[in-house]
Every structure is written in structure tokens, then in C-alpha cells.
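What follows is one structure encoded as C-alpha cells, with my remarks underneath.
2 protein chains.
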Amino acid sequence: MSATTRPYHHGNLREALLEAGERALEAHGAQNLSLRELARDVGVSHAAPRRHFADKQALLDALALDGFEGLRTILTGAIADAGPDFDARLLALARAYVAYATDHPALTALMFASKHQDGAPPELAEAAERAFAPALTAVAEGQRTGAVVPGEPERVAKVAFAALHGLVALTNNGLLDDDLPLDAFLDEAVERLVAGLRPR
Amino acid sequence: MSATTRPYHHGNLREALLEAGERALEAHGAQNLSLRELARDVGVSHAAPRRHFADKQALLDALALDGFEGLRTILTGAIADAGPDFDARLLALARAYVAYATDHPALTALMFASKHQDGAPPELAEAAERAFAPALTAVAEGQRTGAVVPGEPERVAKVAFAALHGLVALTNNGLLDDDLPLDAFLDEAVERLVAGLRPR
DNA sequence: ACCTGAACACCGTTCAAGT
DNA sequence: ACCTGAACACCGTTCAAGT
Numbered sequence: 001m002s003a004t005t006r007p008y009h010h011g012n013l014r015e016a017l018l019e020a021g022e023r024a025l026e027a028h029g030a031q032n033l034s035l036r037e038l039a040r041d042v043g044v045s046h047a048a049p050r051r052h053f054a055d056k057q058a059l060l061d062a063l064a065l066d067g068f069e070g071l072r073t074i075l076t077g078a079i080a081d082a083g084p085d086f087d088a089r090l091l092a093l094a095r096a097y098v099a100y101a102t103d104h105p106a107l108t109a110l111m112f113a114s115k116h117q118d119g120a121p122p123e124l125a126e127a128a129e130r131a132f133a134p135a136l137t138a139v140a141e142g143q144r145t146g147a148v149v150p151g152e153p154e155r156v157a158k159v160a161f162a163a164l165h166g167l168v169a170l171t172n173n174g175l176l177d178d179d180l181p182l183d184a185f186l187d188e189a190v191e192r193l194v195a196g197l198r199p200r
Numbered sequence: 001m002s003a004t005t006r007p008y009h010h011g012n013l014r015e016a017l018l019e020a021g022e023r024a025l026e027a028h029g030a031q032n033l034s035l036r037e038l039a040r041d042v043g044v045s046h047a048a049p050r051r052h053f054a055d056k057q058a059l060l061d062a063l064a065l066d067g068f069e070g071l072r073t074i075l076t077g078a079i080a081d082a083g084p085d086f087d088a089r090l091l092a093l094a095r096a097y098v099a100y101a102t103d104h105p106a107l108t109a110l111m112f113a114s115k116h117q118d119g120a121p122p123e124l125a126e127a128a129e130r131a132f133a134p135a136l137t138a139v140a141e142g143q144r145t146g147a148v149v150p151g152e153p154e155r156v157a158k159v160a161f162a163a164l165h166g167l168v169a170l171t172n173n174g175l176l177d178d179d180l181p182l183d184a185f186l187d188e189a190v191e192r193l194v195a196g197l198r199p200r
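Line by line, the protein sequences are chains L and E. Numbering follows our numbering, with no gaps: position 5 of the first sequence is 5. Numbering follows our numbering, with no gaps: position 2 of the second sequence is 2.
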């Protein structure tokens, strides 16, 4: 871009498209994301993306995959920073997930949307599983110390995650913040969640 | 279509479009719903829908509105048929919601997505509120009899609904049924939900 | 190997015009 | 009042061709 050369592209078109895609995703939603627009943003012809993404869905899949990897990093960090107390660890995970999901609402929706449909690449499901491994581990820990009801850890973790994800879904769609400050609400919800997981 | 008359349309184009829209929605998703396709299905020119729906979003909003009214009918019926026992009433509501949402996955996603967009008509939010009134009432009941933690009923109901909605969201996106039979899973989840709501 | 340019079939939306 | 037909600007996708 500096001197005279001006090659086909400034380096890695694939990465540039993904970056522009993430911006466009949060800006106008997955519905209105246009490959041609991304190509323009990045300065290539509208047919150039084809080299790197077979079609629009392939680009969306790649974005979702990156999303799961980002989430994994966040969750892993959160659990590492949390102390040994079980409730604190669970709260840290929950907070981290909510923070990630509310920071990237459109990406989160994409990650959990029809991506799972017909021809979704298996890497997506694998990345999702890796992302949630910390949560699974936490539940299993909790079960060993008796802080969590017994049962298949995967199942228990999924129930807990579903509750959290529902909160995030409603928040990101504007159904909660009318009358609720999210932070306080989250604390209450997670408290309730932990209460629901406790043996009785 | 029968004799010679062949008027502009067979009656109510608006209703016909909504019906075709609901089918198309569940068939190929809101993303790929095409106004022109609906017009073809119904047998009018591609510009005819404009009389009844200002644009595509207006049709989607109308579909979502119908969805909330359908949900309201279902929930009202479920609570009416349930006995006096609180847990049974809550379970009935939860079951009814899950049944509705898994029967109409794309419509459910639409109902909780486009809802809050910039120019969403206020009728949508009102219809949503009416739909969930039975749940709000049930929580308030539970609080009077001491079966549910105290606190603003709206807030408590929203936490509970969020949990359920998360379950539905994961189910409808194929993230649960790999390894879990939904019915048994739902029972466990609702049990946990009720446990979370109980004072301790 | 990577990108361009033209082309095709499809959209949503608009608007004059028909009945 | 309700619908048609042509038109416009935009897509996603394909493919020969350039470097």
C-alpha cells in the first residue's frame, strides 16, 4: 500500500475479510452482511472472497469458529483467575460468559444459530466443545465436593448453561434491560442458578 | 380460480401472505424468506404485498405478533387445565412453552429477535406481555403461598423464563438432542428451576 | 496461486398505470 | 381500494480470463 507495488492484496485477504466480517456482523447483523460489501471494504473485487470462502455460509461458519475460540480463551482465563471457592468459580465463569456474549451479541447469536444445520463443518462443534470444557470441569469439581447435585456432569452443565444463555439471549434482544440493571440481575440469576444446582 | 371471474385475489391477500409466510419461515428460515416467493405462492404480482406490508420487516413483525398471540392461547389453556398444586402449574406452563417453541422453532426465534429492533411496532411488545401474563400470575401466586422466593414478581418470572428459553434455544439449534431425550431433560431442568425459585 | 470482470438469476423497493 | 408491470439498485454465485 506504501510505494508502487500495490499487489493483488495487502497480505492476507482471508484475515482481512474475517475482520471486516466481524465488524459488519455487529454493525448490521448476519442477515444484512454482504460479501460484496466486505470485498469493497477490503479493496478487492467481489469475486475475490471466493478463493477463501466457498460461499457466504462458509464465511459465517469461520466467524462462528473464531467466536468459539475467543470464548474459550475468556472462559479459561476466568476460571484460572478465580479462587478455590466453588460458588466464586461458577460466578466467575458466568460473568465471563455474559460479558463476552453481551460484548458480541450478533456473533453470539451466530454461534448458537442454525450453524448447526445441515452442512456445518465438524470443526464448529469441536470448537464449541473446547470452549465449554472449563464449565464442564467446574461442574465435575463441584460434584466431587458435594456442592452440586450428582448426575451426568454434561447434563448438569448443560442445564446450567442453558439458563445463563437464556438470560443472555433475552438481554441481547432488549427484553430485559427495560427495567433491570443487568449486573444486579445477573448476580440474582446466578445465585438462583447455583441454588438450583445445590443438592437439597 | 373456478369460473371466469378471476378477481384480483381470492379474498384476503393479507391473511394468505401471513399463512404462506409462516410456512416459508419454518421451511427455509427468516433469512431466506422472500416476499417475491410468497407473492408467487399466493398467486399475485411481486408488488402486491406492498398494499398490506410496507416492507419485509413489517411482514416479519406481523408473523411475530401472531406468534405471541398463539403462545398466549397455549399458555392460558395450560394454566387453566392444571390443578391447584404450584409445582404442577409451573410444570404445565413450562411444558406448554417448550412444546410451542419446539413446534415453531423459526417463529420462536423471530419472536425474540426482531422484537426490539429500531422501529418495532409497540403492538409487538404488548402482545409479548399479554402472552406471558399467565406466567407472571403463577409466580405471584407462588409467592403468596410461600412456594417462591419473594421479590418483584416480574423479575423472578423473567429469571425463570430466561432459563426455560435458554433450554429451548439450545434445543432448537441442535445443541442438546445429540445425547439427551428432551422430555426427560425438560423435567430435570424444570425441577432444578423450581428448586432455584424455592426459598431456602 | 490469487485475483478480475462480465454475466446470470434472484432480491427488495418504488412508481406510474390499470380496473 | 387493490393490484400489475416495468424499472432500479443491489445481491450471491459462476466462470473464463488475466498476472
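Beta carbons are placed, not taken as given, at the ideal position from N, Cα and C, and that holds for glycine.
Straight-line CA distance for residue i to residue j?
{"i": "L38/E", "j": "A62/E", "result": "14 Å"}
{"i": "L33/L", "j": "P121/E", "result": "24 Å"}
{"i": "A96/L", "j": "E15/E", "result": "45 Å"}
{"i": "N12/L", "j": "G67/L", "result": "19 Å"}
{"i": "L18/E", "j": "L59/E", "result": "7 Å"}
{"i": "P153/L", "j": "F161/L", "result": "12 Å"}
{"i": "G196/L", "j": "T108/L", "result": "25 Å"}
{"i": "L93/L", "j": "G70/E", "result": "36 Å"}
{"i": "P199/E", "j": "T171/E", "result": "29 Å"}
{"i": "G83/L", "j": "G119/L", "result": "41 Å"}
{"i": "D81/E", "j": "G142/L", "result": "39 Å"}
{"i": "R72/L", "j": "Y100/L", "result": "10 Å"}
{"i": "A47/L", "j": "A106/L", "result": "25 Å"}
{"i": "L65/L", "j": "A125/L", "result": "9 Å"}
{"i": "F53/E", "j": "E123/E", "result": "15 Å"}
{"i": "L110/E", "j": "A184/L", "result": "28 Å"}
{"i": "F86/L", "j": "A147/L", "result": "7 Å"}
{"i": "P150/E", "j": "L182/L", "result": "19 Å"}
{"i": "L136/E", "j": "N173/L", "result": "20 Å"}
For a contact meaning CB atoms closer than 7 Å, what does residue i contact in chain L?
{"i": "G196/E", "result": "R192, L193, A195, G196"}
{"i": "A113/E", "result": "N173"}
Taking buried to mean at least 16 other C-beta atoms within 10 Å of its own C-beta, is residue i buried or exposed?
{"i": "L91/L", "result": "buried"}
{"i": "A113/E", "result": "buried"}
{"i": "H28/E", "result": "exposed"}
{"i": "T145/E", "result": "exposed"}
{"i": "H104/E", "result": "buried"}
{"i": "R89/E", "result": "buried"}
{"i": "K115/L", "result": "Residue confidence is low: K115/L scores 49 on pLDDT, short of 50, so the model does not pin down where it sits. No coordinate-derived value is stated."}
{"i": "E129/L", "result": "exposed"}
{"i": "P49/L", "result": "buried"}
{"i": "G43/L", "result": "exposed"}
{"i": "R192/E", "result": "buried"}
Closest to residue i by C-alpha separation, out of the options, would be which residue?
{"i": "A169/L", "options": "R155/L, L186/L, L35/L", "result": "L186/L"}
{"i": "A127/L", "options": "R144/E, L175/E, L167/E", "result": "L175/E"}
{"i": "A131/L", "options": "E141/L, I74/L, Q31/L, A195/L", "result": "I74/L"}
{"i": "L25/L", "options": "Q57/L, L136/L, T76/L, V149/L", "result": "Q57/L"}
{"i": "P134/L", "options": "Q31/L, A78/L, S45/L, A101/L", "result": "A78/L"}
{"i": "G166/E", "options": "A80/E, V190/E, G83/E, E154/E", "result": "V190/E"}
{"i": "A157/E", "options": "L182/E, V194/E, L110/E", "result": "V194/E"}
{"i": "D41/E", "options": "R23/E, A140/E, R51/E, A30/E", "result": "R23/E"}
{"i": "V159/L", "options": "V159/E, L164/E, D55/E", "result": "L164/E"}
Does DSSP put residue i in a helix, a strand or coil?
{"i": "N32/L", "result": "coil"}
{"i": "K115/L", "result": "In this predicted model, K115/L has a pLDDT of only 49, less than 50, meaning its place in the structure is not dependable; the value taken from the coordinates is given anyway. Of the three classes helix, strand and coil, the one that applies to K115/L here is helix, per DSSP."}
{"i": "R23/L", "result": "helix"}
{"i": "A54/L", "result": "coil"}
{"i": "R213/E", "result": "This structure does not reach residue 213/E, given that chain E is present from 1 up to 200, and the question cannot be answered."}
{"i": "L17/E", "result": "helix"}
{"i": "D85/E", "result": "coil"}
{"i": "T137/L", "result": "helix"}
{"i": "T171/E", "result": "helix"}
{"i": "G146/E", "result": "coil"}
{"i": "H104/E", "result": "coil"}
{"i": "L124/L", "result": "helix"}
{"i": "H46/E", "result": "coil"}
{"i": "G67/E", "result": "helix"}
{"i": "E152/E", "result": "coil"}
Run down chain E in chain order and give the residues with a C-beta less than 7 Å from the C-beta of residue i.
{"i": "V159/L", "result": "E188, A189, R192"}
{"i": "L176/L", "result": "K158"}
What in chain E is Cβ-close to residue i, meaning under 8 Å?
{"i": "H165/L", "result": "G166, A169, L170"}
Starting from residue i, find everything on chain E with Cβ-Cβ shorter than 9 Å and list it in chain order.
{"i": "L60/L", "result": "The premise fails here: L60/L is roughly 10 Å from chain E at the closest Cβ pair, so nothing lies under 9 Å."}
{"i": "Q31/L", "result": "A30, Q31"}
{"i": "A133/L", "result": "In chain order: nothing, as chain E lies at least about 15 Å away."}
Would you say residue i touches the ligand ZN, meaning its beta carbon is less than 6 Å from a heavy atom?
{"i": "P199/L", "result": "Questions concerning the ligand ZN fall outside what the structure shown contains, since it holds no ligand whatsoever."}
Can you pull the chain L residues whose beta carbon is under 9 Å from the beta carbon of residue i, in chain order?
{"i": "A223/E", "result": "Within the shown structure, residues of chain E are numbered from 1 to 200, placing residue 223/E beyond reach of any answer."}
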